[in-house]
């Protein structure tokens, strides 16, 4: 099924289902019901069944889903049934941390290129890979068959990094820079903005549990001003 035919929220939930299935497989659990799998992933079972219907993978009533078979189906659908080679532009603190992230190999990815423009870091090793100049990205991408690029540079450099990756033939970008990138229509970009995610989280926590917020200085937990901080009554008594 074409990627564009599946709603983005569905695609966004599939990695969570896969992670839960892999945990069950590691515990030698052969099958799982939709209710159990949905509970592990924090979604309603009806949503999970509807999501999985896009994969043409139905469970058997009274038996559930075969964990190994469903995991294989999701991997194939997501395109991680084979190792995908990735590169990182930016060998600073964020780029280095991403390069050293232990979960990359476990989730179907392998780091094959790290790029930077700083002469001080070019030639050093990050994540087990020698840092190459961004100017050589076309050569490295072709030689290492890199398919996806992670952009871990400041906002001011993000567009240039994206341009270099696209010119090298990469069609999938993940950007940690807080800026909208301009790319050709055939290039997919995923933006990961920590500040934005924190703002969304702040909204939900303030709306869903307003009584748990710290009281403002000079107020009691109910929000009323305390007597000690209340303005003095200057009205003259008659």
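In the numbering used here, the protein residues as written are 79 to 316. Cβ atoms here follow ideal geometry from the backbone N, Cα and C, with glycine treated the same way.
Secondary structure of residue 274 (DSSP, three-state): helix. Nearest neighbour of residue 197 by Cα position, chosen from 177, 168 and 125, turns out to be 168. Within the segment 173–224, the complete beta strand (DSSP E) segments at least 3 residues long are 187–194 and 207–211, listed from N- to C-terminus. Under DSSP, residue 109 shares a beta bridge with 144. Contact check between the segment 209–229 and the segment 239–251: three or more CB pairs, one atom from each, fall below 8 Å, which counts as touching. Around the C-beta of residue 162, 16 or more other C-beta atoms lie within 10 Å, and the residue is accordingly described as buried. Residue 118 is not bridged by DSSP to any residue. In this structure, the CA atom of residue 239 is about 26 Å from the CA atom of residue 160. In summary, residue 181 is exposed, with fewer than 16 beta-carbon neighbours lying within 10 Å of its beta-carbon over all protein chains present. 95 is the residue among 156, 95 and 84 whose C-alpha sits nearest the C-alpha of residue 144. For residue 253, DSSP records a beta bridge to 229 and 269. DSSP places residue 168 in the coil class of the three-state scheme, outside both helix and strand. The Cβ atoms of residue 273 and residue 254 lie no closer than 8 Å to each other.
By the neighbour-count criterion, in which a residue is buried when 16 or more other Cβ atoms sit within 10 angstroms of its Cβ, residue 129 is buried.
Scanning 149, 256 and 141 for the CA closest to the CA of residue 98 turns up 149. Between residue 166 and residue 157, the C-beta gap is not smaller than 8 Å, which leaves the two residues out of contact. The alpha-carbon separation between residue 259 and residue 236 amounts to approximately 7 Å. Rounded to whole angstroms, residue 263 and residue 84 show a C-alpha spacing of 18 Å.
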